[in-house]
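Worksheet for the structure shown next.
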Amino acid sequence: MDDYLNMIKELPEGVPNYPGKESQHMGIDVQKLDVRFDIDKLKEALNFILTQADIDRMDQIGLTHIAGLYKDKWHQSCGSLIYDYRSVNGDPNNRTKVKKSYVATENDFPEIIEEIKSTYFYNVYKTLSTEFKIGRMRIMRMKPWTCLTWHHDSSKRLHIPIISNPGNRLVINTTCHQLIADGSVYLVDTTQDHSAFNGGLEDRYNLLITLRE
Ligand SMILES: [Fe+2]
2 MDDYLNMIKE LPEGVPNYPG KESQHMGIDV QKLDVRFDID KLKEALNFIL
52 TQADIDRMDQ IGLTHIAGLY KDKWHQSCGS LIYDYRSVNG DPNNRTKVKK
102 SYVATENDFP EIIEEIKSTY FYNVYKTLST EFKIGRMRIM RMKPWTCLTW
152 HHDSSKRLHI PIISNPGNRL VINTTCHQLI ADGSVYLVDT TQDHSAFNGG
202 LEDRYNLLIT LRE
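The opening residue of the sequence shown carries number 2 in this note's numbering; numbering runs sequentially from there.
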């Protein structure tokens, strides 16, 4: 037991194992931008969107859509652009990855959904558009006790946590990060292998912005 206590004492400062504090050694995979948005206004915008679109359908709501196409506008941009995940023989616990017949790109969702333009998310979009080429913009919900498949994406992402809890982590390669829901914006190199998990008891909501090449 003494050895164990000594080992804990020797942990370097900044090890991200305590709630509410972000990783001190983010490195090049996760960079916190200089800009910070108003977290109360982000929450207000989120609450409004949740009254407009069905988050339960995919745990995602799209805020951008295909130019001129309004059918299913809230979900056109949701999910993987490359793969569908289908259950095998109707078994929800046995799923397989199937490549889509048409693979869209991040360039294919250039229009902001009209209802978004009256929300704070539009300010976020306009502000970040001055620095980045923005593709899809989505609300992502992660339910408690869930994680993402281990994967990598074709481009980097901006993450803006809106509702979080101490059990949320982003894992890139072998490094674990905690992103804080205080209006901060994180540029994440999701072209590296990664996953995320919600080990808390409440839903997690992020605003996710995919960058175009
Ligand atoms: Fe990803």
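Glycine included, C-beta positions come from ideal geometry on N, C-alpha and C. Quick caveat, the model's predicted, so the values are computed rather than measured.
| Asked | Found |
| --- | --- |
| Assuming M141 and L209 form a contact by the criterion Cβ under 8 Å, report the distance between their Cβ atoms to the nearest whole angstrom. | 5 Å |
| Measuring straight from C-alpha to C-alpha, what distance separates P167 and K101? | 36 Å |
| Report the residue from Q77, V89, L43, N95 whose alpha carbon sits nearest the alpha carbon of I67. | Q77 |
| Quick one: is Q179 buried, meaning 16 or more other Cβ sit within 10 Å of its Cβ, or exposed? | buried |
| Along the alpha helix (DSSP H) that carries I173, what are the first and last residues, could you check? | Run containing I173: none in the alpha helix (DSSP H); it sits in the beta strand (DSSP E), 169-173. |
| Within 10 angstroms of its Cβ, does W75 collect 16 or more other Cβ (buried), or is it exposed? | buried |
| Ligand 1: which residues have Cβ under 5 Å from any of its heavy atoms, chain order? | D154, T191 |
| Pull up the DSSP beta-bridge partners for D85, would you. | V99 |
| In the DSSP assignment, the alpha helix (DSSP H) including N48 goes from what residue to what residue? | 40-53 |
| I'd like the span of the alpha helix (DSSP H) that includes S165, first residue to last. | Where S165 is concerned, there is no enclosing alpha helix (DSSP H), given that its DSSP letter is neither H nor E. |
| Can you give me the start and stop residues for the beta strand (DSSP E) that S185 sits inside? | 185-189 |
| When the distance is taken between beta carbons, is P145 closer than 8 Å to N215? | With the chain covering only 2 through 214, there is no way to say anything about residue 215. |
| Going by the DSSP bridge assignment, what does G63 pair with across the sheet? | R139 |
| Give me the Cα-Cα distance between K134 and E112, rounded to the nearest whole angstrom. | 13 Å |
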